[in-house]
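Student:
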Amino acid sequence: MRQAGRSLPEYRAIRGEGSIIDAIRQPDLATEITLQPVRRYGVDACILYSDIVTPIEAIGFGVDVAPGVGPVVERPFRTAADLPRIRPLEPEVDTPYVLETVRNLVAELGDVPLIGFAGAPFTVASYLIEGKPSRTYALTKALMHGDPTLWDALLDRLADLAIASLRSQVAAGASAVQLFDSWAGALSPADYQRFVLPHSTKVLSGVADLDVPRIHFGVGTGEILTLMRDAGADVMGIDWRLSLDEARRRLGPDVAVQGNLDPAVLFAPPEVVAEQVDAVLASNADRPGHVFNLGHGVLPETDPAVLQRVVDQVHAHAIDPGDGEAHPEEPATKGAMWR
Ligand code: CP3
702 MRQAGRSLPE
712 YRAIRGEGSI
722 IDAIRQPDLA
732 TEITLQPVRR
742 YGVDACILYS
752 DIVTPIEAIG
762 FGVDVAPGVG
772 PVVERPFRTA
782 ADLPRIRPLE
792 PEVDTPYVLE
802 TVRNLVAELG
812 DVPLIGFAGA
822 PFTVASYLIE
832 GKPSRTYALT
842 KALMHGDPTL
852 WDALLDRLAD
862 LAIASLRSQV
872 AAGASAVQLF
882 DSWAGALSPA
892 DYQRFVLPHS
902 TKVLSGVADL
912 DVPRIHFGVG
922 TGEILTLMRD
932 AGADVMGIDW
942 RLSLDEARRR
952 LGPDVAVQGN
962 LDPAVLFAPP
972 EVVAEQVDAV
982 LASNADRPGH
992 VFNLGHGVLP
1002 ETDPAVLQRV
1012 VDQVHAHAID
1022 PGDGEAHPEE
1032 PATKGAMWR
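In my numbering, the protein residues as written are 702 to 1040.
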């Protein structure tokens, strides 16, 4: 998610003006920005500084990320004539700067895992079709229902783009991958199953042989959570609308969970934030396979001191291993990501 970095003064100091695409294209800058929250907060993992539109921008579709707005497209995707505008990604040629950033980071990070990522076919398609962030996804749904053949052809190409990008990030050293289908929660279960699930399944199975954990995330996905799980991820990202307890009840035992503190809660008084952090931990109840995270991205106005207290509180939480034995050699609060 658009994460810890953007609320930091050190981020604003080096980010510069203009499109985030320009920052992503500079490996030294992108490396430094990725490292800032790790250095400051001592988190257990970090996410690459890039964006879900990086690959589609790199193949020349004509996408930019407008500050304060999000992805915008000069000539949106409307007809079959637009399909050839989405050619295959050659990561070493099209996004060498991403791979250089990943290599730099892996060299600097030591034991801290780097999460690579891609946009899922549906969420990327929604930007290409709408031309800008949308509330209703009206044009996207019109194309989906109106021309299923073209829809499938578009999402198939976007799946190939995501696979190529994720594979190249792992080859360069990323330790996990996250597939962002941020806006899939706008769909009914039936539409998700017919129009999205096959394509997201293709992406996740297209990286299954790489032997890195695969995380799958969307916002407001309670009603489609089990379908999203069926796409094949090892970890499901959960936003704050669903408790981890209920998410686990729906998901079953074979999948880990990531989440899910409401980012808006960070604006409440300190004791409320602490209670809410405890509530997330209590909802997971020390079951193995919990990556503590916010339920969506850090809001830019968030006070970094509040985030520091959250990280410290989660690290101080002693996990009861449940087998009645202490595990002093392995602090249960460290590297919670990989159990
Ligand atoms: O934040 C980080 O350092 C992690 C890297 C990251 C970014 N975008 C950088 C970014 C990641 C993982 C993303 C993913 C992303 N991008 C998603 C999926 C995750 C999610 O948050 O739901 C989506 C939907 C996008 C598309 C996008 N990019 C939007 C909607 C925006 C918001 C515009 C705004 O200013 O609020 C962006 C811009 C963006 N991408 C920022 C960052 C840090 C915002 C600040 C900036 O431009 O410097």
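Even glycine gets a Cβ: it sits at the ideal position worked out from N, Cα and C.
Quick caveat, the model's predicted, so the values are computed rather than measured.
Per DSSP, Ala819 is paired with what?
Tutor: Leu880
Student: Measure from the C-beta of Asp745 to each C-beta in chain D and report whether the shortest distance is under 7 Å.
Tutor: You won't find chain D in this structure, because it holds only one protein chain.
Student: Measure the beta-carbon distance from Gly996 to Asn961 and round it to whole angstroms, keeping in mind my assumption that it falls under 8 Å.
Tutor: 4 Å
Student: Counting C-beta neighbours from all protein chains within 10 Å, is the total for Ile715 16 or more, i.e. buried, or is it exposed?
Tutor: exposed
Student: Between Tyr742 and the rest of its own chain, which residues show a CB-CB distance below 7 Å, the 5 nearest in sequence each way excluded?
Tutor: Ala705, Leu1008, Gln1009 and Val1012
Student: Is it a yes or a no for the region 788–804 touching the region 766–779, going by three-plus beta-carbon pairs under 8 Å?
Tutor: no
Student: Could you tell me the distance, in whole angstroms, from the CA atom of Ile722 to the CA atom of Ile748?
Tutor: 16 Å
Student: I'd like to know whether the C-beta atoms of Ile830 and Thr837 end up nearer to each other than 7 Å.
Tutor: Going by C-beta atoms, Ile830 is not nearer than 7 Å to Thr837.
Student: Inspect the CB distances between the region 801–814 and the region 754–762 and report whether three or more fall short of 8 Å.
Tutor: no
Student: Give the DSSP-derived three-state secondary structure of Ile1020 in the structure shown.
Tutor: coil
Student: So Gly886 and Val807 are supposed to be a Cβ contact under 8 Å. How far apart are they, rounded?
Tutor: Not quite, the Cβ-Cβ distance comes to about 33 Å (not below 8 Å), so this is no contact.
Student: Among Leu844, Leu810 and Gly761, which residue has its Cα nearest to the Cα of Arg788?
Tutor: Gly761
Student: When the Cβ atoms of the region 985–992 are set against those of the region 927–946, are three or more pairs found closer than 8 Å?
Tutor: yes
Student: Do Ser901 and Ala865 have their beta-carbon atoms positioned less than 7 Å apart in this structure?
Tutor: Cβ atoms of Ala865 and Ser901: not closer than 7 Å.
Student: Cα separation between Val978 and Arg707?
Tutor: 21 Å
Student: If you measure from the CB of Met702, is any heavy atom of ligand 1 nearer than 6 Å?
Tutor: Indeed, a heavy atom of ligand 1 lies less than 6 Å from the Cβ.
Student: Which one of Ser720, Glu733 and Asp729 has the shortest CA to CA distance from Tyr712?
Tutor: Glu733
Student: Looking at the structure shown, is Ile787 part of a helix, part of a strand, or coil, going by DSSP?
Tutor: coil
Student: May I ask whether a heavy atom of ligand 1 can be found less than 6 Å away from the beta carbon of Tyr750?
Tutor: yes
Student: How is Ala875 classed by DSSP in three states: helix, strand or coil?
Tutor: coil
Student: Mind checking Thr780: buried by the 16 CB within 10 Å criterion, or exposed?
Tutor: exposed
Student: Can the beta-carbon of His846 be found closer than 7 Å to that of Leu880?
Tutor: no
Student: Is it buried or exposed for Arg740, if we count other Cβ within 10 angstroms and need 16 for buried?
Tutor: exposed
Student: What are the boundary residues of the alpha helix (DSSP H) that Phe896 is part of?
Tutor: Pro890 to Phe896
Student: For Val773 and Leu926, what's the separation of their Cα atoms in angstroms?
Tutor: 28 Å
Student: Tell me whether Val766, by its Cβ, gets closer than 6 Å to a heavy atom of ligand 1.
Tutor: Yes, the beta carbon of Val766 sits closer than 6 Å to at least one heavy atom of ligand 1.
Student: Cβ-heavy atom distance between Ser883 and ligand 1 below 6 Å?
Tutor: Within the cutoff, so yes.
Student: Can you name the start and end residues of the alpha helix (DSSP H) that Gly847 belongs to?
Tutor: Ala839 to Gly847
Student: Just to confirm the assignment, what range does the beta strand (DSSP E) spanning Pro772 have?
Tutor: Gly771 to Val774
Student: Return the CA-CA distance between Gln1014 and Val973, expressed in angstroms with no decimal places.
Tutor: If I take the Cα positions, the gap works out to 13 Å.
Student: Cα separation between Trp1039 and Ser906?
Tutor: For Trp1039, the predicted model reports a pLDDT of 35, less than 50, meaning its position is unreliable and no value from the coordinates is stated.
Student: Contact check, Gly817 vs Val878 under 8 Å by CB: the rounded distance?
Tutor: 5 Å
Student: Less than 6 Å between C-beta atoms, sequence neighbours within five positions excluded: which residues of the same chain meet that for Tyr828?
Tutor: Pro772
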